[in-house]
Every structure is written in C-alpha cells, then in structure tokens.
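Numbering (this note's numbering), first residue to last: 1393 to 1587. Scroll down for the structure; my scribbles are underneath it.
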Amino acid sequence: MKKFAIFAVLAALALCIGGVAKADTCPAGSTNCLQGGGVTYTFTNSGSDGGGVFDVNMVVSGPLPSTGLTSFSVFFTSGSNMDTAITLESAPGGIAQWTALQGQQNTNNGCSNATSTPFTCFTGGTVADGTYVFDVTISGAPDGVDLKIGQGSDFAISQSTGVGGTTPPPPTPEPASMLLLGLGLAGVPFLRRKK
C-alpha cells in the first residue's frame, strides 16, 4: 500500500508539472525560426508548384495575444533574388478572411504604404495557431524570409531568418514528456508480484 501511495504522489506531481511545461521556443541553433512574445514562426519550403512558384509553410505556435494580431507582412529571398508575388494558398480559418496588399508592410497591427518595399502585407484576419501556406513566385527556391508582425506590441517581430528544407526538423521533446517517461521507468520496480 505504501508503494502505491508513493507512485500516486509521483504521478500527480508529473501531471501538475506537465500542465505548465511549454515547448514554444525556437530550438537552439535554429536557422528557420523567429520568436516574439512566446509565439514562434517556423518557415519551411515544401516544394515547387512549377513555373517559378514555390510553396512555403509558416507554422505559428504559442500563446497568441487575446486582442489578436490582425495583419502581418512577409517577403522571401532566394540568394540575392526577391519574390515578385506572394499569395496565400491556405491558412487556419481559411484564406477568405485575408487580403494581400503588395508593396505594403505591417505597422501598428495594420498595413501601410511604403515606397519601394518588397513586403506583401496580409490583413483582415486574425493570426491563429497552425500552418499558413504561401505561393511564392521567385527565381530559385526560397532560402530566406523577412517577417513583420505585431508592431507596437510585446509580440512584435521585425526580423529575417532562413527557410528550412522540405523535411521538417524533428520535434523537440517537451520537459513534461521527459518527466513522464522518467516517472514511468521509476515505477517499473513497483510492478513486481509477491510470491
């Protein structure tokens, strides 16, 4: 009975800790991830549609602000080449809510005109956790991206990063998962039967 009580306390502790563990950060050494206010944006190239059009995924994860991010702007590069057009192929909640404005960039959670900006600003929706797929027209596979989002807030990003290859990076185990595995292994000796 005593062993069962110890195991029950350890299991309850693991579940409590597991509820607060977060893995919403860019992995150490990441070359295709940006983070702002605990929200991560990871970019991967998922191949060519032909004719100089490439699919690029932006995966958004983390605690998004309750007031909502209602616009963002991006531009992609391939070496020294910049994109000539970007459209949204899919997004959480659908693409109908988003309007693409070429030559505009994100400022104070909206889009504004800027002279000779390479950005395309997407507005009208609310940024949500999930995968956004862009059709990027560019000479060569995209290898870099510049993202502006949440300007004027704690979630602001105005940075560039790389675009990863077609194979997504292996998932990083959460601390809670490792704790549960360790507790499970620690409980194995308690499974012995008495003779």
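Note that the Cβ used here is the ideal one computed from N, Cα and C, for glycine as well.
- Within the segment 1490 to 1516, there are no complete alpha helix (DSSP H) runs of at least 4 residues.
- Collapsing the DSSP output to three states places A1477 in a strand.
- Taking the C-beta atoms as reference points, V1452 is found no nearer than 8 Å to V1528.
- When DSSP states are grouped into helix, strand and coil, L1461 belongs to the coil group.
- In the assembly as shown, N1498 is a buried residue. Its beta-carbon has 16 or more other beta-carbons within 10 Å.
- Secondary structure of L1426 (DSSP, three-state): strand.
- Under the three-state reduction of DSSP output, G1574 falls in the helix class.
- DSSP, read as helix, strand or coil, puts G1421 in coil.
- Burial check for A1483: the Cβ neighbour count within 10 Å reaches 16 or more, so the residue is buried.
- Selection I1549, S1545, Q1543, G1544 evaluated against V1537 yields I1549 as nearest (Cα-Cα).
- If you compare the alpha carbons of C1418, F1467, P1455, S1463 with that of D1535, the shortest gap goes to F1467.
- By the 16-neighbour rule on beta-carbons within 10 angstroms, T1476 is exposed.
- Around the C-beta of G1516, fewer than 16 other C-beta atoms lie within 10 Å, and the residue is accordingly described as exposed.
- Separation of the CB atoms of S1438 and D1447 is rounded to 4 Å, and the pair is thereby assigned contact status at 8 Å.
- Counting the other Cβ atoms within 10 Å of the Cβ of L1426 gives 16 or more, which makes it buried.
- Its Cα nearest to that of G1471, the residue I1530 stands out among I1530, N1501, S1465, D1546.
- Excluding its 5 nearest sequence neighbours in each direction, Q1489 has C-beta neighbours in its own chain below 6 Å: G1516, G1517, listed in chain order.
- Around the beta carbon of N1449, a 10 Å sphere encloses 16 or more other beta carbons of the protein chains shown; the residue is thus reported as buried.
- Q1551 is bridged by DSSP to L1539.
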